[in-house]
DNA sequence: CTGTTAGCGCTTTCAT
DNA sequence: ATGAAAGCGCTAACAG
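Protein chains in written order, with this note's numbering: chain A, 184 to 525; chain B, 184 to 525.
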């Protein structure tokens, strides 16, 4: 039940607490010798700095808040790795929060982060997030924030994104080039820009290759595995045989793969599947799976870098800067094998 | 750049800041009417409570620190879900930290949590953790902590664990009962008790069924997928044909499955595999995979419950309490199908 | 029910 | 190089 403060150290050493404070924070204006006495005594008594007091006084926490829909999604946990690595290098630590895809929790979290005076925020918005009052409240209080991956309709943010339109286009084009003519799209919540844009990319590729777009080929999902399973089930019900699927998210792709496996449907022999995902997770699902690779790590560290420059710019006005990263299509099977199908 | 404090509110309303404080923290000893005026003014000016000041004063944060090796491991992210749910219900929030399997980072994290005066800590130790000075420092400062899943050799902790010995025994027995005679064990770092105990369970089951234990059938791993792949490769090199594998961790099982798939080795027809894992992740790897199920969610919420009771007991001495949860064997294929092999 | 007062533990001028 | 003093924003006795 050790509650040693700098005053205790000061008293023991017959000096003032301000000197102790200076010594412990590495000020140069303390005699080397006193410094040593102080650190020795601190260790002896098991002194433990109180960051609450320190941060309160300094009005700076060196903490950045990270809010993601759920950490169990591979994309987000790898993004967090990128964030932490970058942040720690600059002496910042990170607090991780999950919105669990609800706006309510997301708002609560922002309130908490605000109350705890974090120096900045990185956020990937929830499925439900359609109003941005909580982001505005960050702005109002001069807390810089960067939206990564899942961004908002409004423009007045700093963003770090993947080029989802291109990702959707490339995925669809890949399927077409490998002989698919009847390509279904597993979409995502349409209030999230990323899913909107992937859908647009899908449409654009179809148009480019003169394949008529069919509304009924777009199957929604609320980012649950069961949606992927349901979607996969629906494929058999179409008049024409579906030969390709472009999934806008890994979760739906996982669900679909489970269903395919159970039914003995082979990928990509019976049906070609390209999913937005991550190289490593898609390899787990099926080594044969083609992927539009999203490097969570890269997007995380890029977003952190951008945030840190904003934090360092200080109280001056925050500029809105958007960085768009290129998606990378990873085609697992040789197109030889696939093109036999056409 | 809003820096409204309770004093600002008080001044505006011509009352004292202590009344504002009471009103805002829901004290009953404030007139309903003033309460309303205060909350109205707070909203009007965009007042945002400063938890640093509040927590400093109260010497209580209502925060519990969670430290895990890595959040990307499915077990840990689901444990965190259980922790958060339980903690939020009691008005606690949670800060999540990753040791990335190093003792150094783990120690730093504990230091940080201490400096930030968390009310308690939940920890699953890193692969490297063999000395427990950092846990002792929690004890010294009267911060209750509960070790979950990955526990330590020392006894003087509160733990929430899975019965790993039984898990190892059941997994191995399952393989034996289904006709396997040459069972390899993918082990884990032996300074972690959980892997030691799973190995012991494996040995005990062999002995029970009079199958000789062979040292060379125990293949280590450092919890990387590549270890699983390497281990799977080694199976062909044994004199006798390996017909069963008990993997002590999901990561190695995933690696092995990848290798098996690539080589066209079927599970469980060609080789039976039981892995310590989680129902949902193993279903992704292969719906046919048998699993010793570890419910991260359950272990997380149980650990949180235990921690919260300790926190509430206050400054009195901390009792060492250990809760052991039962593992659950989930056999995916009917044993019919498997037993044909014997 | 409300005001007064005194800190929580630290940092930071300003002196010396 | 060190000390004195003030205060970050809040809460919690204690009065009244």
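Cβ coordinates follow ideal geometry from the N, Cα and C atoms, glycine included.
For residue j and residue i, the rounded distance between their alpha carbons
i: residue 440(B); j: residue 447(B); result: 10 Å
i: residue 461(B); j: residue 209(B); result: 43 Å
i: residue 458(B); j: residue 367(B); result: 12 Å
i: residue 479(B); j: residue 310(B); result: 18 Å
i: residue 408(A); j: residue 477(B); result: 20 Å
i: residue 503(B); j: residue 497(A); result: 48 Å
i: residue 336(B); j: residue 376(B); result: 7 Å
i: residue 288(B); j: residue 197(A); result: 35 Å
i: residue 406(B); j: residue 430(B); result: 11 Å
i: residue 307(B); j: residue 301(A); result: 26 Å
i: residue 433(A); j: residue 415(B); result: 27 Å
i: residue 242(A); j: residue 278(B); result: 20 Å
i: residue 185(B); j: residue 411(A); result: 46 Å
i: residue 515(B); j: residue 253(A); result: 28 Å
i: residue 256(A); j: residue 422(A); result: 35 Å
i: residue 239(A); j: residue 240(B); result: 11 Å
i: residue 293(A); j: residue 304(A); result: 9 Å
i: residue 251(A); j: residue 387(B); result: 44 Å
i: residue 420(A); j: residue 348(A); result: 28 Å
i: residue 510(A); j: residue 290(B); result: 37 Å
i: residue 333(A); j: residue 221(B); result: 37 Å
i: residue 481(A); j: residue 265(A); result: 6 Å
i: residue 194(B); j: residue 344(B); result: 54 Å
i: residue 299(B); j: residue 322(A); result: 26 Å
i: residue 331(A); j: residue 282(A); result: 15 Å
i: residue 280(B); j: residue 339(A); result: 31 Å
i: residue 535(A); j: residue 452(B); result: The requested residue 535(A) is not part of the displayed model; chain A covers only 184 to 525.
i: residue 202(B); j: residue 493(B); result: 33 Å
i: residue 224(B); j: residue 236(B); result: 21 Å
Opposing strand residues paired with residue i [DSSP bridges]
i: residue 277(B); result: 247(B)
i: residue 430(A); result: 369(A) and 458(A)
i: residue 476(B); result: 460(B) and 511(B)
i: residue 341(A); result: 329(A)
Nonlocal neighbours in the same chain, by C-beta distance under 7 Å from residue i, ignoring five residues either side
i: residue 230(B); result: 187 and 192
i: residue 417(A); result: 402
i: residue 315(B); result: 335 and 337
i: residue 379(B); result: 373
i: residue 267(A); result: 277
Own chain, CB closer than 8 Å to residue i, minus 5 neighbours either side, in chain order
i: residue 450(A); result: 440, 443, 456, 469, 471 and 472
i: residue 474(A); result: 457, 458, 459, 460, 461, 462, 465, 512, 513 and 515
i: residue 370(A); result: 378, 381, 382, 401, 402, 403, 404 and 431
i: residue 396(A); result: 386, 389 and 390
Residue i, DSSP secondary structure in three states
i: residue 450(B); result: coil
i: residue 506(A); result: strand
i: residue 306(A); result: strand
i: residue 401(A); result: strand
i: residue 268(A); result: helix
i: residue 195(B); result: helix
i: residue 362(A); result: coil
i: residue 385(B); result: helix
i: residue 412(B); result: helix
i: residue 392(B); result: coil
i: residue 231(A); result: coil
i: residue 189(B); result: helix
i: residue 213(B); result: coil
i: residue 407(A); result: coil
i: residue 286(B); result: helix
i: residue 374(A); result: coil
i: residue 442(B); result: helix
i: residue 256(A); result: coil
i: residue 206(B); result: helix
i: residue 242(B); result: coil
Cβ-based neighbour list, residue i, same chain, cut-off 6 Å, excluding 5 preceding and 5 following
i: residue 204(B); result: 189
i: residue 353(B); result: 512
i: residue 360(B); result: none
i: residue 393(B); result: none
i: residue 491(A); result: 273
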